[in-house]
Amino acid sequence: MGLTGVVVGIDGGGSKTDAVAATPAGEIVARRRIGTTSPHLIGVDASAKLVVDVVTEVCGDAQPLAVAVYLSGLDLPSEVSTYRAALQRFGWPGLLLVDNDVFALLRAGTQQPDAVAVVCGTGINAVGRRADGAIVRFPALGSISGDWGGGHGLGQEALWYAARAEDGRGEPTALVAAVCAEFGVSSIVELTEQLHVGRRDHGELSLLAPAVFVAASAGDPVATALVDRLAAEIVTMAGTCLRRLDLLEREVPVVLGGGILQAKPPLLMARVYEGLRSVAPCAQVVPLTAPPILGAVQLALEAVEAAPEALTRFEAAFA
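Using the UniProt record's numbering, the letters of the sequence shown correspond one by one to residues 1 to 319.
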């Protein structure tokens, strides 16, 4: 194709950001990992500056032919537009792709034109696409946009039930001991006081997710109900994408990614598979095994119309 220069993929979440540069032939040039670039956490301008700096670093002396930036926190079309404008102020040549990190995850899981991805990590989100370009996505702004789930949502509910069990308003649950053990406190009241006065960050509640799965596997009714609720939410998000795209009766891959789903808690996964068989019996569940940065670079390669063998070469080199 005569292309010179490199393409760059960026995948950024709440704690880390991966950057990879590759030639249009699919050969890896450089990899870097930095801290968060989430515009929700550090602001648009600070995030854009970090992205520009890491792109410059991985490109070296090469020209960036395409830069594909996929970040958590770019949830609304207006946020994507604002972030794109912030990057463009640096005057980059070449193509610039900007969107939510769930799109990188989707591409890392499948190249099929009809596909759905659900990400369940700290939070929860989903996206669906159809071969004709139709997209279904969600604001993913938490309870104000109808969302529940992920490690943070699960942790909040675990604490809620544990608090009520401890003071007698709720039924007994193994979550009381599990929550206390996780945070090294003698009572749930002690933990809630720490959260209230700011000695602990509410974001730490996502650490409780594994304890919920352990308690559910041991038969605790409260924990089991929480796992069932999370599974139902994952199934609902996938099923809604398929229904809105008129793909319920098609053999469409449903990619499952994010820290919780990739850890594959047995009870959760059993419930998710069971639920998807019920609402979309033709769907093909695809547990994500590759990191989303793989999808970000693949999208950058496709943007410059790299040859199929280049994509294959990159996947092999990345593995």
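Positions of the beta carbon are idealized from the N, C-alpha and C atoms, including for glycine. Just so we're clear, the structure is a prediction, and the values are computed from it rather than from any experiment.
Nearest candidate by alpha-carbon position, reference residue 308, set 24, 190, 165 and 184: If we check each option's Cα against that of residue 308, 24 comes out closest.
Under a Cβ-count criterion, where at least 16 other Cβ atoms within 10 Å of its own Cβ denotes burial, should residue 197 be classed as buried or exposed? Residue 197 is exposed by the Cβ-count criterion.
Is residue 155 helix, strand or coil by DSSP? In this structure, residue 155 counts as helix in the three-state DSSP scheme.
Roughly how many angstroms lie between the CA atoms of residue 2 and residue 54, to the nearest whole one? Model confidence at residue 2 stands at a pLDDT of 47, short of 50, so the residue's coordinates are unreliable; what they give is reported in the following sentence. If I take the Cα positions, the gap works out to 26 angstroms.
Look at residue 212 and residue 226 and say whether their C-beta atoms are less than 8 angstroms apart. In this structure, residue 212 places its C-beta atom within 8 angstroms of the C-beta atom of residue 226.
Taking residue 12 as the reference, which of 28, 68, 142 and 27 has the closest Cα? When only C-alpha atoms are compared, the closest one is 68.
Tell whether a beta-carbon distance below 8 angstroms holds between residue 70 and residue 117. No, they are not a contact pair.
Give the straight-line distance between the Cα atoms of residue 189 and residue 15, rounded to the nearest whole angstrom. Each residue's alpha carbon lies about 29 angstroms from the other.
DSSP state of residue 1 mapped onto helix, strand, coil: Annotation note: pLDDT 42 at residue 1 (below 50); position unreliable, coordinate value reported separately. The answer is coil: DSSP assigns residue 1 none of H, G, I, E or B.
Residue 116 - partner residues in DSSP beta bridges: Answer is 128 and 254.
Can you look up residue 219 in the DSSP assignment and give me helix, strand or coil? In the structure shown, residue 219 adopts coil according to DSSP, grouped into three states.
Measure the CB-CB distance between residue 335 and residue 75 and report whether it falls below 8 angstroms. Residue 335 cannot be examined here, being either before or after the span of the chain that is shown, 1 to 319.
Please work out which residues of its chain come closer than 7 angstroms, Cβ to Cβ, to residue 209, disregarding the five sequence neighbours upstream and downstream, and give them in chain order. A distance below 7 angstroms between beta-carbons, with the five flanking residues on each side excluded, links residue 209 to the following residues of its chain, in chain order: 151, 154, 155 and 260.
Contact check, residue 238 vs residue 108, beta carbons under 8 angstroms: Between residue 238 and residue 108, the C-beta spacing is not below 8 angstroms.
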